[in-house]
Structure formats: structure tokens, C-alpha cells
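The block underneath contains the structure these notes are about, expressed in C-alpha cells.
In UniProt numbering, the protein residues as written are 1 to 117.
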């Protein structure tokens, strides 16, 4: 809150607290970034409005993956004449071809074929 809580001071939300020098040049305007925006997963939000079930969901996610991968492993289902290295490269290309929408989504999820071994 503070003594200046009723003053309009956008610099309080900038990455750097230093105020820009008075100038007509836009080069002196600091870049504004929301605190925690890089670390937050949009559906969970962050800060005071964080999802109350976030930790439970993370714990459940980790326990399911631990259970799955403690006994099995996933590897690419190879196409005819494809080596393991080529299959891994194809998998990486599909995973890297993702777009952030409300959540991170693969553009070609049906191209990613796995087998449990």
C-alpha cells in the first residue's frame, strides 16, 4: 500500500523501478511486465487469485507420471525403415511445433505416436 498508493505511478509495475528521464523519445520508456507472468500457467493464474487446487493437481500429475514411468518407458513408434534416432528427431519436431493458446497445444498431435515398452 504505502504513502503513495493513491498516486498514478505506472513505474511501480515495471521490471525496473527507475523512472525514465523526461524526453520525447520512446526509447526511454521502460518495458512493463506483469510480475510472475513467465512462471504462471494461465488456467491456474498467479498471485492472490491463484487456483486453490493447483498444488493438488500438480501432485496428482506427478504421482500418475511416476507410476507410469516407474515400470514402463515410452519411445517413438517407428515408421517403416526409420531408425530410433530419426524417430526421436520426428518426436522432437512434433513437440516443438506447439502453440500457446489457453494452454500449450501441439499443432499435429496425431503425428506423435508412442509405444509403451
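Beta carbons: idealized from backbone N, C-alpha and C, even for Gly. Keep in mind the model is a prediction, meaning the values are calculated, not measured.
Between the alpha carbons of residue 96 and residue 5 lies a distance of about 44 Å. Distance between residue 67 and residue 3, taken at the CA atoms: about 53 Å. In the displayed model, residue 52 falls within coil according to three-state DSSP, outside both helix and strand. The segment 80–100 and the segment 49–57 do not touch, with fewer than 3 CB-CB distances between them shorter than 8 Å. Residue 113 and residue 99 have their C-alpha atoms spaced approximately 19 Å apart. In this structure, residue 42 sits near residue 102, with a CB-CB distance shorter than 8 Å. Of 9, 56, 7, 115, the smallest CA-CA separation from residue 73 is found for 115.
Counting along the chain, residue 114 sits inside the beta strand (DSSP E) bounded by residues 114–116. Note on residue 76: 16 or more other CB atoms within 10 angstroms of its CB, so buried under the neighbour-count rule.
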